[in-house]
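Chains as they are written, first to last, in the working numbering: chain A, 1 to 669; chain B, 1 to 669; chain C, 1 to 669. Remarks on the structure that follows.
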Amino acid sequence: MYIGSDYYPEHWPRERWREDARLMQAAGLNLVRMAEFAWDRMEPEEGSFDFSWLDEAIQILAEHGIKTVLGTPTATPPAWLMHKHPEIYLVNREGRRASFGSRRHYCPTIEVYHSYTRKIVRKLAEHYASNENVIGYQVDNEFGGSRTRGRCYCNSCHRAFQQWLEAKYRTLSRLNESWGTAFWSQTYSAWEQIPLPWPNEAPANPSLELDYYRFISDAWIKYQNLQVEILRNVSPGKFVTHNLMGLFPSIDYRKLGEPLDFVAWDNYPRFSQHLDPAAVAMAHDLTRSLKNRPFWVMEQQSGPAGQNVMGTAPSPGELRLWTLQSIAHGADSIVYFRWRTCRWGAEQYWHGILPHDGKPGHRYAEIKRAAQDMAKLKHLMCSAYPAQVAVMRSYDVLWAFEAQPTSADLDYDQELKSYYRALHSLNVNIDVITPEAEYDKYKVIVAPSLYLTNDDIVQRLEKFVAAGGTLLLSFRSGVKDWENVVHEETLPAHLAGLVGASIADYTSTGRFESPNAPAQLAEVEFVHPELTSYRGTASVWCDILNLESAEALARYHGNFFNGTPAITLNKHGNGSVIYVGTSLNDVAIRELSKWILRTQGLQAPLGTPTGVEIIERRYNEKPVLFVLNHNSERATVSIPTAARDILTDQRYNDELLLDPFDVAVLELV
Amino acid sequence: MYIGSDYYPEHWPRERWREDARLMQAAGLNLVRMAEFAWDRMEPEEGSFDFSWLDEAIQILAEHGIKTVLGTPTATPPAWLMHKHPEIYLVNREGRRASFGSRRHYCPTIEVYHSYTRKIVRKLAEHYASNENVIGYQVDNEFGGSRTRGRCYCNSCHRAFQQWLEAKYRTLSRLNESWGTAFWSQTYSAWEQIPLPWPNEAPANPSLELDYYRFISDAWIKYQNLQVEILRNVSPGKFVTHNLMGLFPSIDYRKLGEPLDFVAWDNYPRFSQHLDPAAVAMAHDLTRSLKNRPFWVMEQQSGPAGQNVMGTAPSPGELRLWTLQSIAHGADSIVYFRWRTCRWGAEQYWHGILPHDGKPGHRYAEIKRAAQDMAKLKHLMCSAYPAQVAVMRSYDVLWAFEAQPTSADLDYDQELKSYYRALHSLNVNIDVITPEAEYDKYKVIVAPSLYLTNDDIVQRLEKFVAAGGTLLLSFRSGVKDWENVVHEETLPAHLAGLVGASIADYTSTGRFESPNAPAQLAEVEFVHPELTSYRGTASVWCDILNLESAEALARYHGNFFNGTPAITLNKHGNGSVIYVGTSLNDVAIRELSKWILRTQGLQAPLGTPTGVEIIERRYNEKPVLFVLNHNSERATVSIPTAARDILTDQRYNDELLLDPFDVAVLELV
Amino acid sequence: MYIGSDYYPEHWPRERWREDARLMQAAGLNLVRMAEFAWDRMEPEEGSFDFSWLDEAIQILAEHGIKTVLGTPTATPPAWLMHKHPEIYLVNREGRRASFGSRRHYCPTIEVYHSYTRKIVRKLAEHYASNENVIGYQVDNEFGGSRTRGRCYCNSCHRAFQQWLEAKYRTLSRLNESWGTAFWSQTYSAWEQIPLPWPNEAPANPSLELDYYRFISDAWIKYQNLQVEILRNVSPGKFVTHNLMGLFPSIDYRKLGEPLDFVAWDNYPRFSQHLDPAAVAMAHDLTRSLKNRPFWVMEQQSGPAGQNVMGTAPSPGELRLWTLQSIAHGADSIVYFRWRTCRWGAEQYWHGILPHDGKPGHRYAEIKRAAQDMAKLKHLMCSAYPAQVAVMRSYDVLWAFEAQPTSADLDYDQELKSYYRALHSLNVNIDVITPEAEYDKYKVIVAPSLYLTNDDIVQRLEKFVAAGGTLLLSFRSGVKDWENVVHEETLPAHLAGLVGASIADYTSTGRFESPNAPAQLAEVEFVHPELTSYRGTASVWCDILNLESAEALARYHGNFFNGTPAITLNKHGNGSVIYVGTSLNDVAIRELSKWILRTQGLQAPLGTPTGVEIIERRYNEKPVLFVLNHNSERATVSIPTAARDILTDQRYNDELLLDPFDVAVLELV
């Protein structure tokens, strides 16, 4: 277990370093991440390397009991390099080449940059291979974290894309057939004819577009792995990781995470996920589920955050709350971004633990308290994370919908969040998995809008259901094959056996069409006796269903499909499949989720008022409950048995009273 | 009379073709359009032509009684051609060159593409000249139907524009004078100095901009005609047409239609004209009026439509309703787009008669019924279309307003639609004409915002009014000459004699200025005893009028021009001219239209409830009434005399009851 | 005192010139500005100059008692020049090079254009040096007045920027340190590595961005001065000016104005400042304060204005009202834009005194009346403008906030306008100064969000307060040094001594984050006994303050900083400093302003109803009051003593009744 901060000695005078180390130690910190943007300091001119300043910083920190994680500095190549090789700059989809003075402005595929990358990474790894204070490496920083989300359209990427396609399809006739290039006269007779999916006079072939998104994701993974290999070879015995960005959509994090010892992510609850603790929880669960093991938070918000425009300030208590939420969800190390707020450059308003003036204030005090709390939870860090419910999120589906949203209102991640939020509010532990994960450990898999399917996924889902699992699918599931082509079979095509119903017709909301469009498509009404009575709007899309073996859980009101089934339930083997033909609002999803959990006998350890999160961990086979109050008011939680709060050593009998943003970690006694 | 579908044998296995033909025949279809995107199949590599697949498809279809219209495939040049000649790609006004993998991405003027076009069109025409199953050709597909609307800014177009200008003006001094280049030091001393109207530091000269829009329209027409000439020479005896896009603004359809045997258009009521049957009716009327003869619907919506995002699904009954509406307005052949929904490519969600799975469903059944109905109406196809009211829409005015909207709220087509909608709701037949049309056959011409005038138009309008016609003009009429220069005379300049009033001042709404702008400029109140009492908002623009020979029909309330005339009436010869100084809302326009029709003694054959459309045709001098219920509820229509519904052979005496989306075609008996 | 119009003889036939001159004279005009867009007429081909047409126009006008100001024609280089040297075109931040057919499309730094500029300006100056009817020159026209606001990103500007930086910083190490290039590995080891601040993958270094904005402002000033020097040398004895654009943000008008005899500006109240007389007043006050002496309005709105889209028409009376408002605020000459509305080109709807038809109408009559009024006020033109209150607006701060708004809702000019508007509504005269101005003459300086400070400004503010002045500062004051780097000291850093409080923390509204963001941050409540009771929203930003020597004037309600000071008052020497920690609404600012004026014993000469503006001038030590009714209704103003209206010679005792848009100029008797 580490608790630390991201530290930039190169931003401050050497005279200050010892004071910083002293303050860190006094706050209970035992780790820094350093150097991930310091190529200009490491190699001030080509071929001339200088790690002395970093050695000194590592040494001073070590003397204060603080270990170091080193970033490879490739997110920000130095001015001399980019001036010499402007072809390295990424080209965006408007055809504009990036320029100097920013970050992540390089192309992932260009060989000359790979060559410079190899040199600096090797030098760094060689230099620190035997330094015991350096315990691990972070490769680069936040792949994809820039305006283009890492999608480069330069000539190098164009050629690399064509080669990637050749490796994938081997023959042009296979590619032409898989993509359906007969449409709009797009048959390719040479690999070099294949374009990038530039904005154009009309939309690109969606199969080409999906493959481009896959290629660019692979390109970043390949670029990472080039570094991972050097680090492992040259500097064995230290861990290698990368800092991900939660729900970031453009790189397949499952594949990216594979060669890493563990994954880390950068958690800014008040930056892009304002006051939405469920969205933060979902990102934690996604990150943990990638490798199904403890992860790091490599950047944990430590103050107001933003670049040219900053967000709201965390309220007192929130920094600690977010820290403990991270631990609850499976983080075993927390690194705050950043130690001291930078006085210059593009992130002057991305606030650190210390303000610009370098004086410890209320954020420092709060981090210190969080460190003390973490120390009390050390034994839980590797404790089990029991999740019997999984939400399925596919990168391939994300990209397929990016190419073709189909309905102007369809937002795949919003659909996923709606289901996640409902289940999370019901206080069950959740994994957020990709279709490639194992399904056997779950009782419930919620896979909304599983747009693409392949044989492997379908077979494993069938096995999962047959064995007694509950599978929830929703509109636009099973529509396409893995190359983004609509299946030939009647929808839901290969999922039809599971769903027990077929799709006779469908309609989107068509919001784009006209201001006269009706406010709603239709309504949904629950009709199953075990479901609470509910009637509300059907949004985004309506599938019009013919029941085969399934029965109706809900029916439509209104429009020409009035009275037809909107939600179906199909028994399959020992399990069941629920198919939701439309986009439901939060109330409906919550009711449906309750019923699903109930039918699977899944029970939350505690009920809570709104805004209080429960996460259950298992230590020595016994449940330990994190109770997190995300409200700015006090909250009261009823507890069934006596319990002890590990943080305060206080005991509770009936009821736990939590201050605003406070947390308890309960052992049931 | 043909009824058919757009068919893409190249998208499906040969084994399927015969089944498709069988299903088409069973549904009553007797025509397909094919091949307009199949250049890659016709010429898989340069100079190597293959029509055998198409021959086979034509043959199979013919065996099922189905004739073929062939598209020339130039909307989608193949990959090998574009890879060899990237200079063919269109350049948009942001300076971005298009790339492969889409459609309509070619420049209209570039000679190398003309040369390839000549070759493929000649080959196609030669091959099918003697094939009796091929009855005609469609040139290319939807000229202008892409993001740029066909406006190319490449070097070839730049040079062609300069040559077009030289041909038009002959001398630079004439051009300089016509455009007023003295403004902002823009005098040209060489043709090659003349720029394209790129987005720039400040607006371009509006005369240059208008001429560029004319040039690009002419460029497409020239490109079409290059093909028409080859088709006529090489493959005589077959018709030649092109599929237009209704109200599409960027190509002068009157000129485009001239060399064609008839025009066709592509009708998607639930794509861009959601639930606005009047807008569809207007597009039909525009298309018919271009050549004043029956037209085809070459693509008639057959299901939900859209590319990356699709619209709402047609309700049951709407496909048939739209078919019969097309017939009512003068279409004599209907081709549905498309036969079967494509499983790949950019239009996977542009639904055909058959779903992706190829199984006939409810859309197939509905098309079959529509075909049966059409058969009963065969005798009406060439029947007269009696219209005594015309709405005037000028391409030159469209483009002049595109260059200078003058008021931020001014939308020329919206103004036209407002007047069209009112007249259409009053159940009179309407022609939608350009200023170049004959005026003599009408009793009423409604020409809102006739911004540009020339001597020919003014003289013919004067003749029309003098002979007893009623002319409606509105604000911004007569402002400019044909080169987009404000007339020197007091407004409405050359129309002043007709209007009988002069414009002392005016104001726009100036919406762009500030959030503090007042909600309305002023109000309009009707003051003529024959007009129903009305008071409501004056929008967009207010002309402040001095009456000369005219009298006031309405006056303003509020603002500094309170009490001055807002609408005037001027007697001129045997006719009268109404001038509307502001933008009226639908209620006001409807009242005004009623009064105009009444004064001209024009009477609708039937009154109808909202949403029920009446179109009158004349067969053997007797009226036949199409009664179309666009409502999703039943509608009741009172009928004055006994009538027989040709479709059902049912007879009605007082009252006709129509189901949702149902249609009757009444012979009065 | 001049009253005239902008005149374009090159737009009209010579036959008309004499009629125009006659009409001008009859209206009382005695000046024209001409030729600022007539390079094509002056030099129709390279090296061949022709001023004969202009000589003739000047002569005809002179015969009608009308003097001429000549514009140098460099805003619109002719077609032959731009065709020969396309490298002159400006490049915008999207990388697009401008093209011909617009205006202001040239780069400010490119040497070849400087060379052509020198030639044409020298020729013009030589030709008119001895022409007595030419009384002065306007250099170019509205520097920065185009889409890019004059910000060029071409290679010439790139090199010039690097040279500008070298001249400023002398060594790269000084630049690297000043900018904090250690952040994101941006250390420069050669001047040519330094980029322009293109849009990029992530934000640029804000210090680089600020320096670029300074550089481009300097580039235009340098370009102006190149012309000024020639005009002064070749044509001595005539004034040189330039027409500014009020609150235009991208050029430092203080520096631009320095070498000019006086500044002029272009005043369009109904173009961009719709119905906001206070914003117009502020622009006047800014313009006057630049050189602290009378200025010209070189373009005064004379009708509806706009390019492709025009604004609302001025109501009758407004043209005269705006004229007299200009005079009241210190203009001593008024030139209307333009004489006659142009029939062609991009400004056909920028209306002149005469309509397109050239016939004098109601605007002509109103201008004539304004000219008569001006004649009566001649003696006041150089009268004193007594202002004891200053609002401070810094170009450097504008640019620093442009680089980093910090809060998504922060708008520096809106903050300034809020304070200006409140003070203006309290009927005190105001100067709008830059930080470089003298402070000694004021009793109150209002300097909201004085984001950047340097030693000179801080020292002079301290001196000002110590001597008894009242200084108002607000949130984000004193945050950064002059190179856009956050001060190392606790905020408000170098202003802390003045403020007497320190900033413990802060929060922005963070509007960008999420739709769930709370509607307001907190509320502000006045708590000082001398302040009227008030409670209302705290917007944009909240500083959380620790009082040191200061006391609280207001406190926050709500959020985690509930109860802490929101506004503080600190006594310092003989004066006091008010610090406002948040953005207040108009009511709060007005109350606070009232109290500030009261404590400084500043009294308005008159109280007025809303929309009636009072400006006080001093003639022979006695007050003269301009009373301007900006309302479209009558207004009644109580007057304390008897008074005479100079315009009408009418006398008033208790009460002045003003018609809509009417003006009185009162001598108190």
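For every residue, glycine included, the Cβ atom is placed at its ideal position computed from N, Cα and C. Keep in mind that this is a model prediction, so the values were computed, not measured.
Within 10 angstroms of its Cβ, does residue i collect 16 or more other Cβ (buried), or is it exposed?
| i | result |
| --- | --- |
| residue 549/B | exposed |
| residue 378/B | exposed |
| residue 9/A | buried |
| residue 48/C | exposed |
| residue 581/C | buried |
| residue 620/C | exposed |
What span of residues does the beta strand (DSSP E) with residue i cover, start to end?
| i | result |
| --- | --- |
| residue 553/A | 551-557 |
| residue 359/C | Taken as a continuous stretch (DSSP letters only), residue 359/C belongs to no beta strand (DSSP E), as it is neither H nor E. |
| residue 473/A | 470-474 |
| residue 504/A | 501-508 |
| residue 157/B | Here residue 157/B belongs to no beta strand (DSSP E); instead the alpha helix (DSSP H) covers 155-169. |
For residue i, which of the options has the nearest alpha-carbon?
| i | options | result |
| --- | --- | --- |
| residue 630/B | 660/B, 639/B, 456/B and 450/B | 660/B |
| residue 317/B | 366/B, 479/B, 357/B and 342/B | 366/B |
| residue 45/C | 171/B, 190/B, 79/B and 19/B | 190/B |
| residue 17/A | 250/A, 95/A and 358/A | 358/A |
| residue 268/C | 221/C, 260/C and 338/C | 338/C |
Just to confirm, is the Cβ distance from residue i to residue j under 8 Å?
| i | j | result |
| --- | --- | --- |
| residue 626/B | residue 639/B | no |
| residue 573/B | residue 467/B | yes |
| residue 33/B | residue 65/B | no |
| residue 349/A | residue 304/A | yes |
| residue 604/C | residue 536/C | no |
| residue 475/A | residue 449/A | yes |
| residue 591/A | residue 556/A | no |
Could you tell me whether any non-hydrogen atom of the ligand COA is closer than 7 Å to the CB of residue i?
| i | result |
| --- | --- |
| residue 654/C | Of the ligands one can find in the structure shown there are none, so the ligand COA has no counterpart to examine. |
Grab the span of the alpha helix (DSSP H) containing residue i for me, first residue to last.
| i | result |
| --- | --- |
| residue 425/A | 412-425 |
Worksheet item: Closer than 8 Å, Cβ to any Cβ of chain D: which residues of the region 340-354 of chain C, in chain order?
Response: Absent here is chain D; the protein component of the structure consists of chains A, B and C.
Practice prompt. For the region 149-182 of chain B, enumerate the residues whose C-beta is nearer than 8 Å to any C-beta of chain C, in chain order.
Written response: 179, 180, 181 and 182
Practice prompt. Could you please tell me which residues of the region 246-271 of chain B, in chain order, have their CB closer than 9 Å to any CB of chain A?
Written response: 270 and 271
Worksheet item: Which residues, in chain order, does the region 210-231 of chain A contribute to contact with chain B at a C-beta distance below 8 Å?
Response: none
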